[in-house]
Amino acid sequence: NAGVTQTPKFQVLKTGQSMTLQCAQDMNHNSMYWYRQDPGMGLRLIYYSASEGTTDKGEVPNGYNVSRLNKREFSLRLESAAPSQTSVYFCASSAAGETQYFGPGTRLLVL
Amino acid sequence: TQLLEQSPQFLSIQEGENLTVYCNSSSVFSSLQWYRQEPGEGPVLLVTVVTGGEVKKLKRLTFQFGDARKDSSLHITAAQPGDTGLYLCAGERSNSGYALNFGKGTSLLVTP
Chain A
1 NAGVTQTPKF QVLKTGQSMT LQCAQDMNHN SMYWYRQDPG MGLRLIYYSA SEGTTDKGEV
61 PNGYNVSRLN KREFSLRLES AAPSQTSVYF CASSAAGETQ YFGPGTRLLV L
Chain B
1 TQLLEQSPQF LSIQEGENLT VYCNSSSVFS SLQWYRQEPG EGPVLLVTVV TGGEVKKLKR
61 LTFQFGDARK DSSLHITAAQ PGDTGLYLCA GERSNSGYAL NFGKGTSLLV TP
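These protein sequence lines map, in sequence, to chains A and B.
Quick note on the numbering used here: the first sequence kicks off at 1 and runs consecutively.
Quick note on the numbering used here: the second sequence kicks off at 1 and runs consecutively.
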């Protein structure tokens with residue numbers, strides 16, 4: 001089983017460039033999430049989608065947009081990348097109120 | 001604002017020692033989860049505790065949820081090098097789309 005997949009695995013951007021991080025799950029989960037992980041900060045929620053067609057802001061949404069394309073896919077977009085967005089980004093999915101399963105992460109460096 | 005405070009932040013012990021990691025909050029959580037994360041990978045769920053006062057055991061790991069559902073602890077007995085990793089606690093609050101609030105994590109190193 002693939003579980004939760006994320007692309008790309010690594011990315012280097014220049015300040016001001018845009019990019020989309022892709023996430024897909026094959027577990028038929030309703031809920032999907034985007035987190036960022038920074039040294040000494042744990043994981044912080046950026047956006048989540050409780051079900052197909054809905055998205056909500058998390059703790060640190062500024063500078064990001066999301067799209068729940070369908071039940072399987074949940075993308076995260078940086079319109080104008082900033083060095084402060086250098087981080088490791090994790091996508092997760094879950095059935096309602098159940099275990100969250102995490103992808104392997106995307107490591108993003110913004111110069 | 002960090003809703004969940006984990007301590008200690010770093011822990012380096014020798015194989016065979018016991019250790020306890022704490023996760024404290026002023027907020028009440030409907031459930032609290034413990035994850036372990038290996039370098040370069042995403043977090044993997046170890047256990048979920050739901051009921052105040054609940055104790056769960058997973059081999060050498062013992063998890064406890066506080067009576068008021070505001071705090072939790074993870075105790076490892078006779079630690080092994082394979083226990084090395086980042087341990088994260090995460091709380092689920094009601095009416096948040098089941099999103100999790102994570103602590104900053106405890107980085108554990110067990111040396112032979």
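From the three backbone atoms N, C-alpha and C, an ideal C-beta is built for every residue, glycine too.
None of the values given here were measured: they were computed from a predicted structure.
Looking at residue j and residue i, is the spacing between their C-beta atoms short of 8 Å?
{"i": "Q85 (chain A)", "j": "G63 (chain A)", "result": "yes"}
{"i": "Q33 (chain B)", "j": "A90 (chain B)", "result": "yes"}
{"i": "S73 (chain B)", "j": "Q80 (chain B)", "result": "no"}
{"i": "Q17 (chain A)", "j": "S87 (chain A)", "result": "no"}
{"i": "Y33 (chain A)", "j": "A99 (chain B)", "result": "yes"}
{"i": "G105 (chain B)", "j": "G103 (chain A)", "result": "no"}
{"i": "R72 (chain A)", "j": "T55 (chain A)", "result": "no"}
{"i": "L11 (chain B)", "j": "L19 (chain B)", "result": "yes"}
{"i": "V44 (chain B)", "j": "Y35 (chain B)", "result": "yes"}
Where does residue i land, buried or exposed, given buried means 16+ other C-beta within 10 angstroms?
{"i": "D71 (chain B)", "result": "buried"}
{"i": "G42 (chain B)", "result": "buried"}
{"i": "Q6 (chain A)", "result": "buried"}
{"i": "A2 (chain A)", "result": "exposed"}
{"i": "G85 (chain B)", "result": "buried"}
{"i": "N101 (chain B)", "result": "buried"}
{"i": "V21 (chain B)", "result": "buried"}
List, in chain order, every chain A residue whose beta-carbon is nearer than 7 Å to that of residue i.
{"i": "K175 (chain B)", "result": "Nothing about residue 175 (chain B) can be read from this structure; chain B reaches only from 1 to 112."}
By alpha-carbon positions, which one of the options ends up nearest to residue i?
{"i": "A124 (chain B)", "options": "B:D67, B:C89, B:T62, B:E92", "result": "No information on residue 124 (chain B) is available, as it lies outside the stretch 1 to 112 that chain B covers here."}
{"i": "G97 (chain A)", "options": "A:L45, A:F74, A:H29, A:R107", "result": "A:H29"}
{"i": "A68 (chain B)", "options": "B:Q9, B:G85, B:L19, B:N24", "result": "B:N24"}
{"i": "D26 (chain A)", "options": "A:F74, A:A82, A:Y89, A:A81", "result": "A:F74"}
{"i": "S49 (chain A)", "options": "A:S31, A:K9, A:Y101", "result": "A:S31"}
{"i": "D83 (chain B)", "options": "B:E17, B:Q9, B:T48", "result": "B:E17"}
{"i": "R60 (chain B)", "options": "B:I76, B:L46, B:V47", "result": "B:I76"}
{"i": "E38 (chain B)", "options": "B:Y87, B:G66, B:V110, B:K56", "result": "B:Y87"}
{"i": "T45 (chain A)", "options": "A:L109, A:T5, A:G3, A:S93", "result": "Note on identity: in this sequence residue 45 (chain A) is Leu, with Thr being the wrong assignment. Ranking A:L109, A:T5, A:G3, A:S93 by Cα distance to L45 (chain A) puts A:S93 first."}
{"i": "M19 (chain A)", "options": "A:Q37, A:A82, A:Y35, A:T99", "result": "A:A82"}
{"i": "E92 (chain B)", "options": "A:S87, A:T99, A:Y89", "result": "A:T99"}
{"i": "L122 (chain A)", "options": "A:A95, A:G3, A:V4, A:K9", "result": "No statement about residue 122 (chain A) is possible, as the shown extent of chain A runs from 1 to 111 and does not include it."}
{"i": "G103 (chain B)", "options": "B:Q14, B:S12, B:S26, B:L19", "result": "B:S26"}
{"i": "L111 (chain A)", "options": "A:S80, A:G105, A:K71, A:Y89", "result": "A:S80"}
{"i": "F90 (chain A)", "options": "A:G40, A:D56, A:Y47", "result": "A:Y47"}
I want to verify the contact list: residues of chain A whose CB lies under 8 Å from the CB of residue i, in sequence order.
{"i": "L11 (chain B)", "result": "By Cβ distance, chain A contributes nothing, its closest Cβ being about 15 Å from L11 (chain B), past 8 Å."}
{"i": "L88 (chain B)", "result": "G42, L43"}
Anything in chain A within Cβ reach of residue i, meaning under 9 Å, just list it in chain order.
{"i": "L100 (chain B)", "result": "Y33, Y35, L43, L45, A92, Q100"}
Discussion item. Output needed in chain order: residues of the region 93-110 of chain A with a Cβ under 7 Å from some Cβ in chain B.
Written reply: S94, A96, G97, T99, Q100, F102, G103, P104, G105
Worksheet item: Of the residues that make up the region 14-46 of chain B, which ones have a beta carbon closer than 9 Å to any beta carbon in chain A?
Response: S30, S31, Q33, Y35, Q37, G40, E41, G42, P43, V44, L45
Worksheet item: Got a sec: which bits of the region 45-61 of chain A sit with their beta carbon under 9 Å from any beta carbon on chain B, in order along the chain?
Response: L45, Y48, S49, A50, S51, T54, D56, G58, E59
Worksheet entry | Against chain A: residues of the region 45-78 of chain B by CB proximity under 9 Å | L45, T48
Worksheet entry | Residues from the region 68-87 of chain A in contact with chain B, defined by Cβ distance under 8 Å | none
Worksheet item: Any residues in the region 4-38 of chain A with a beta carbon nearer than 8 Å to a beta carbon of chain B? Which ones, in chain order?
Response: V4, S31, Y33, Y35
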